[in-house]
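Notes for the one structure printed next.
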């Protein structure tokens, strides 16, 4: 046996030990056969990469595997080995990227994997898909995208919220009715108002796409086409087209995509890659980011069932606007669409079950009379324990809603609540009509601000 053949035999035996616990990855014999036939063995760096993998030297294995991929970006076994490194080291988003490239390339190669009935020959693409399911399970990506984008949290899979960004552009509520002693925190401030992980993942994909445009790695036409095709992931209520399925899953980082596309450009210029090879991998990377022609599209977004869910959707739009991922006009259309859907949902509810004040109906009914009590229309924005606290809260509310509350004043009538003590109401007005007061409350409630139509 030659020295090189001996090294291959030792490498195959080592891979058996290293991969025995990888679940769907592998039967040692089938993987050994596949490795023996792989063109990677003609390159010393790829052989050393797999050797490093069996030794648990993941950093070295990663560096050498990426080097091999620069020479042959479409080699399925190189992609598979890189994916295994990332999966073994817990970098599941990167592992997913490489498995997705394998699936997109549809390589006509096979592996032999274990099963209850004995060894089974499977295509490398099937194994990559199986590993993709494992990665998704580790990441907890088992919630329908339509539910995640609507802001509705599923009962069995609660999502964690990311810390709220410090831009301060999203307008939260000033819960005047829940004010306590000076320095205490309103209860509304305790509720999660940040972005879900799904929202963060979607936003990252669009941010990466914009950076590729800024750095000249894609054309304006490519950017426009991919963004417009998947705009429904950002603006689910107003977009005309449904986005590609799975955009809420973790994707590659900005640096990973940018560095890889730059490396491909260099390889093309140096003739290390043919134009066809360059185009194929570039297309696979961009389609894994934001597909131009999705094979599967997401389901329509769930409508908000109440004001709180609508407020979540509006808050999401404002965060996207603050991040400059949507334009002012796009944000305005999305908010209008949310309001329209909310009106439709509330109109279906019985009168006795509606406590939001947003029901569509005659303004001359008994409900209107009981809440307004006649007189000049206005809006009640809550109560505070002292008159000074009420005035301070009013200034905070005006600062949050400068456009909506422009040219509107406030009064602070004293209310004796018996054993509960005395409080001061915050009543803003005057309004031209009760309909205008109700419309203002609708807007404020979408931003989680307490508001009820009343007399000024």
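In this note's numbering, the protein residues as written are 4 to 459.
Glycine included, every Cβ here is placed at the ideal spot set by N, Cα and C.
Item, Value
"Tell me the DSSP secondary structure of residue 69 in three-state form.", "helix"
"Can the beta-carbon of residue 293 be found less than 7 Å from the beta-carbon of residue 206?", "no"
"Does the stretch 96-105 come into contact with the stretch 212-220, if we say contact requires no fewer than three beta-carbon pairs (one atom in each stretch) closer than 8 Å?", "no"
"Ordered along the chain, which non-local residues of its own chain (more than five positions away) have a Cβ less than 8 Å from that of residue 454?", "360, 382, 383, 384, 443, 444, 447 and 448"
"Take the Cβ of residue 125 as the centre, count every other Cβ of all protein chains shown within 10 Å, and call the residue buried at 16 or more, exposed below.", "buried"
"Are at least three pairs of beta-carbons, each pair with one atom in the stretch 309-321 and one in the stretch 275-293, less than 8 Å apart?", "no"
"Do you know whose CA, among 200, 414, 410 and 317, lies nearest residue 387's CA?", "414"
"Is it true that the stretch 59-69 meets the stretch 77-90, where meeting means three or more beta-carbon pairs spaced less than 8 Å apart?", "yes"
"What residues are listed by DSSP as bridge partners for residue 456?", "382"
"How is the alpha helix (DSSP H) around residue 301 delimited, first residue to last?", "That residue, residue 301, is in no alpha helix (DSSP H); it is neither H nor E in DSSP."
"Quick one: using the 10 Å Cβ neighbour count with 16 as the cut-off for buried, is residue 141 buried or exposed?", "exposed"
"Please return the same chain residues whose Cβ sits closer than 8 Å to the Cβ of residue 135, not counting the five positions on each side in sequence.", "99, 102, 103 and 106"
"Once DSSP output is grouped into helix, strand and coil, what is the label at residue 329?", "coil"
"For residue 210, collect the residues of the same chain with a Cβ closer than 8 Å to its Cβ; drop the 5 residues on either side in sequence, then sort them by chain order.", "257, 326 and 328"
"Helix or strand or just coil, what does DSSP make of residue 414?", "strand"
"Would you grab the beta carbon distance between residue 460 and residue 220 for me? Rounded to a whole angstrom, and I think it's under 8 Å.", "Residue 460 lies beyond the range of the chain shown here (4 to 459); nothing can be said about it."
"In its own chain, which residues sit with a C-beta less than 6 Å from the C-beta of residue 225, not counting the 5 before and 5 after it?", "none"
"Does the beta-carbon distance from residue 246 to residue 301 come in below 7 Å?", "yes"
"Of the choices 346, 408, 348 and 318, whose alpha-carbon is the least far from that of residue 335?", "318"
"Residue ranges of each alpha helix (DSSP H) run of no fewer than 4 residues wholly in the stretch 200-237, ordered along the chain?", "200-217 and 223-232"
"Can you give the beta carbon distance from residue 276 to residue 76, rounded, assuming they're within the 8 Å contact cut?", "7 Å"
"Using the rule of at least 16 other Cβ atoms within 10 Å of the residue's Cβ for burial, across every protein chain shown, is residue 78 buried or exposed?", "buried"
"Please report the straight-line C-alpha distance between residue 266 and residue 241, rounded to a whole angstrom.", "38 Å"
"Which of the three DSSP states, helix, strand or coil, is assigned to residue 183?", "The predicted model places residue 183 with a pLDDT of 31, which falls under 50 and marks its position as unreliable, so this point remains unresolved."
"Can you give the Cα-Cα distance for residue 451 and residue 401, rounded to whole angstroms?", "14 Å"
"So residue 418 and residue 396 are supposed to be a Cβ contact under 8 Å. How far apart are they, rounded?", "Rounded, the Cβ-Cβ distance is 15 Å, inconsistent with contact."
"Can you tell which of 139, 138 and 109 has the C-alpha that lies nearest to the C-alpha of residue 127?", "109"
"Helix, strand or coil, according to DSSP, for residue 62 in the structure here?", "helix"
"In this structure, does DSSP put residue 113 in helix, strand or coil?", "strand"
"Can you give the beta carbon distance from residue 201 to residue 251, rounded, assuming they're within the 8 Å contact cut?", "4 Å"
"Would you list the residues sitting across from residue 419 in a DSSP beta bridge?", "425"
"Are residue 431 and residue 456 touching if we call contact CB-CB under 7 Å?", "no"
"Please work out which residues of its chain come closer than 8 Å, Cβ to Cβ, to residue 341, disregarding the five sequence neighbours upstream and downstream, and give them in chain order.", "240, 307, 313, 316, 317, 320 and 449"
"Just to confirm, are residue 254 and residue 322 a CB contact at a threshold of 7 Å?", "no"
"Whose C-alpha, out of 137, 229, 92 and 459, is nearest the C-alpha of residue 380?", "459"
"By the three-class DSSP mapping on this structure, what secondary structure does residue 273 have?", "coil"
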